[in-house]
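Each remark here refers to the structure printed beneath this line.
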Amino acid sequence: MTIPSGTGYRVLIIDDNRDLLDLITQSLTLLGDYTVLTADNGADGLSLVMEMRPDCAVIDVKMPGLDGYQLVRALRGDPDTAAIPLIILTALTQEHYHFAGLLAGADRYLTKPVTPSALVQAIHSVVRLSEAERARRLQALLGDADASS
Amino acid sequence: MNAAMKDVPFIVRAERQIYAEYDRDRRLRISRIIAPGFVSVLTLLIVASQIVPQQFAGTRSNLGIIALCDAFFLLGAAAAARKHVNLATGSILLAALLIMALSVLVNQPFILSDLFTVPAVVIIGLSALIGRPWMILGTTALTTAFVLFLSGSPSLAHDLADRNNVNSLGAFIVELWLLALVLYSAARGYRTVLRQISDVRVQYERARQLDELKDQFITSVNHELRNPVMLLQGYVELLRLKGSTLSAERRDDLIQRASRAGESLAHLVQSILDTRRVDQQAKDFAPEAVPVAEMVMTAASLVDPGQGKGVERELHVQVPHELSIWGEKVRLQQILTNLLSNAIKYSAAGTPIEVNARVVSEALPRSNVWRLQRRNGGAPRAGRRMVEIEVRDHGLGIPPDQAPLLFQRFVRLPRDLASTTVGNGLGLYLCRELTEAMGGRIWVESTGVEGEGSTFYLRLPLASPPAGAEAA
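Here the protein sequences come in this chain order: A and B.
Quick note: the first sequence uses our numbering, first residue 1, plus one each step.
Quick note: the second sequence uses our numbering, first residue 150, plus one each step.
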């Protein structure tokens with residue numbers, strides 16, 4: 001399996017579980033050569049995104065204060081951060097959570113456990129996703145939501 | 150009820166209470182229509198008799214009784230408005246009896262006229278509608294006594310000298326009692342049907358709640374298992390892919406992290422299995438004298454430091470060194486570890502935790518919080534010496550109406566489910582099972598006010614009376 005190199009990419013990881021932050025940091029630096037930033041709550045994560053403009057953000061859902069969905073909606077709502085690729089990484093496996101995450105604006109919804117290599121692959125793919133493609137996928141998702149309602 | 154259902158948290162009130170409330174509401178609804186209606190009519194009658202006395206001569210001559218009836222109906226209306234159902238229905242029935250008496254006084258000597266018969270039947274019917282079943286028999290007995298009293302009246306003697314009239318009197322009383330017994334049976338039958346319906350409702354509600362709790366538990370355990378699994382899996386994959394390129398120190402670090410993740414996973418699985426094992430091993434009890442102070446300090450050392458959010462917590466322990474309980478060391482340690490762990494998890498970083506212990510006599514503590522009965526029998530023997538251990542925190546507190554739920558399996562408070570605080574709803578259930586297996590009790594007291602925290606009480610049999618350690 002070839003793990004793509006992330007040389008030059010900065011990835012922000014936002015999760016209140018410090019052990020997971022350590023694991024993901026080590027994974028991205030060892031496997032993808034990414035530069036990793038971390039935050040252990042939604043508010044700090046939002047500030048870091050505004051300040052550092054990472055190339056991608058990996059966001060947990062259940063966090064104190066600002067949760068993952070709120071953070072994603074906030075980032076998508078700001079023109080300065082709307083284009084940043086966002087991945088939700090969470091233990092919430094039910095379908096309605098999955099749908100809510102994508103509807104909030106996330107590019108990928110990953111459920112734990114995720115291996116380091118799979119995470120690196122996911123980050124690599126969303127970073128390369130064009131803005132136009134993101135808009136097309138969101139439109140398709142909204143169309144599915146209207147059809148099912 | 151199915152005995153297996155008894156552990157299901159019962160948020161909906163008990164079966165008898167559901168039925169009683171339904172019946173009370175029905176009686177109140179009817180009373181609220183009848184009483185104000187009669188108050189209006191009688192008040193108008195009284196006012197009219199004052200304004201146009203010639204047209205209401207009969208009313209004026211019986212004004213006292215009419216006013217008394219009005220007062221009883223008014224009392225009934227007021228009681229119904231304030232939801233005092235027995236006072237409301239009792240007042241209405243008394244007023245109805247007075248109206249019946251009035252009709253007799255007005256229509257003497259026609260004791261068996263329709264103007265007496267109709268009120269008598271109406272009163273008995275009314276008591277069936279708004280009263281308790283015994284009220285039907287009560288009003289019938291009062292009516293019968295009233296009729297028999299009147300039958301002794303000298304003014305009626307010539308009527309009753311007629312044999313036909315005596316027979317009519319007897320037939321009237323028999324018919325009255327037949328009617329009363331039919332209505333009484335119907336009322337009792339109605340209550341039985343209501344009770345059976347509420348039984349079914351309660352069983353359905355319990356089954357639904359158990360289903361909901363199991364879903365919550367599975368969601369909670371599912372969520373908590375995934376993090377340690379990801380850690381374990383992640384570090385193993387890193388070692389597999391990059392182990393050969395890493396320094397020995399880095400490799401060791403990754404191996405240790407993987408090992409910790411594995412231990413965390415094992416601990417979680419163990420706590421789930423423990424609940425089943427406690428149920429099965431409740432009878433395998435080998436008690437001994439267990440020093441409380443030593444167990445408290447051991448439990449404190451076993452609590453996961455991570456639960457304190459990286460901030461040191463003060464633990465204030467006031468436990469006499471010689472104080473011992475009669476129980477099992479491992480069980481007591483597990484209970485105390487759970488209680489201390491919860492105290493840390495559900496209180497703000499930096500707030501102290503207090504543990505106290507003393508000897509008490511087995512008097513039930515005055516508390517508004519639900520107390521659990523011991524597994525091994527009913528109430529404890531009066532006068533037994535027990536050790537009471539308190540674990541107090543200054544955290545979020547527990548809403549008093551939700552406190553009874555905490556010691557049930559799988560239950561977590563709605564507030565905690567919505568938060569990021571991890572938990573599987575088994576810790577306090579385990580504490581309860583272990584406590585009861587040792588012949589003790591566990592309960593919690595809390596105002597529910599954030600910052601005032603909660604105090605968990607644990608009572609276990611005293612091993613031996615310590616010197617100078619008794620409570621006042």
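All residues carry an ideal CB built from backbone N, CA and C; glycine is no exception.
On a predicted model such as this, the values are computed, not experimentally measured, just so you know.
Residue i and residue j closer than 8 Å at C-beta
i       : j       : result
L194(B) : F205(B) : yes
R462(B) : I502(B) : yes
L12(A)  : A57(A)  : yes
L464(B) : V504(B) : yes
I421(B) : V452(B) : no
P85(A)  : V126(A) : yes
L579(B) : N491(B) : no
T25(A)  : T35(A)  : no
A226(B) : P185(B) : yes
V270(B) : L328(B) : yes
L242(B) : L191(B) : no
T289(B) : L325(B) : yes
P116(A) : S27(A)  : yes
I87(A)  : R73(A)  : no
G42(A)  : L71(A)  : yes
I200(B) : L251(B) : no
V536(B) : L472(B) : yes
L541(B) : E511(B) : Going by the sequence as given, residue 541(B) is Arg instead of Leu. Contact flag unset, no.
A15(A)  : D40(A)  : For the record, residue 15(A) in the displayed sequence is Asp; it is not Ala. Contact: yes.
Test: residue i CB closer than 8 Å to a CB of chain A
i       : result
L414(B) : no
M379(B) : yes
R375(B) : yes
L390(B) : yes
Q405(B) : no
L96(B)  : Any answer about residue 96(B) is impossible in this case: the structure gives chain B only from 150 up to 621.
L387(B) : yes
Q365(B) : no
Q522(B) : Residue placement at Q522(B) cannot be trusted, given a pLDDT of 41 that sits under 50; the coordinates are not used to answer.
Y384(B) : yes
H372(B) : yes
Beta-ladder partner(s) of residue i, from DSSP
i       : result
C56(A)  : V11(A)
R462(B) : R462(B) pairs with nothing; no bridge assigned.
S450(B) : Paired residue(s): none; S450(B) is not in a bridge.
Q467(B) : N505(B)
T90(A)  : T111(A)
T604(B) : R541(B), E594(B)
G476(B) : E437(B)
M535(B) : V509(B), P610(B)
A39(A)  : I14(A)
CB contact below 8 Å: residue i versus chain B
i       : result
S125(A) : no
Q26(A)  : yes
D40(A)  : no
A91(A)  : yes
L31(A)  : yes
L102(A) : no
T35(A)  : no
V114(A) : yes
I13(A)  : no
L46(A)  : no
L66(A)  : no
D19(A)  : yes
L71(A)  : no
L23(A)  : yes
Residues of its chain near residue i, where Cβ-Cβ distance is below 6 Å and the 5 sequence neighbours each way are ignored
i       : result
I279(B) : R176, I179, S180, T238
D55(A)  : Y9, R10, V127
L90(B)  : Beyond the ends of chain B as shown, which are 150 and 621, falls residue 90(B); an answer cannot be given.
L388(B) : L403
P514(B) : Since pLDDT at P514(B) reaches only 47, below the 50 mark, its modelled position is unreliable, and the value read off the structure follows with that caveat. Nothing meets the Cβ criterion.
P282(B) : Y333, A336, R337
Cut-off 8 Å between Cβ atoms - residues of its own chain near residue i, not counting five sequence neighbours on either side
i       : result
T596(B) : G546, P549
Y384(B) : L403, I404, R406, A407, A410
R400(B) : L388, G392
Chain-order list of residues whose beta-carbon lies under 7 Å from that of residue i (same chain, five-residue window excluded)
i       : result
K112(A) : L89, T90, A91
A449(B) : L464, L489
A230(A) : Here chain A has residues from 1 to 149 only, and residue 230(A) is not among them.
V441(B) : V468, L472, S473, I474, A506, V536, I538
Review point. So does the region 577 to 589 of chain B actually touch the region 479 to 496 of chain B, counting three or more Cβ pairs closer than 8 Å?
Key: yes
Exercise for review: For the region 538 to 549 of chain B and the region 482 to 498 of chain B, state whether three or more C-beta atom pairs, one from each stretch, are separated by less than 8 Å.
Suggested key: yes
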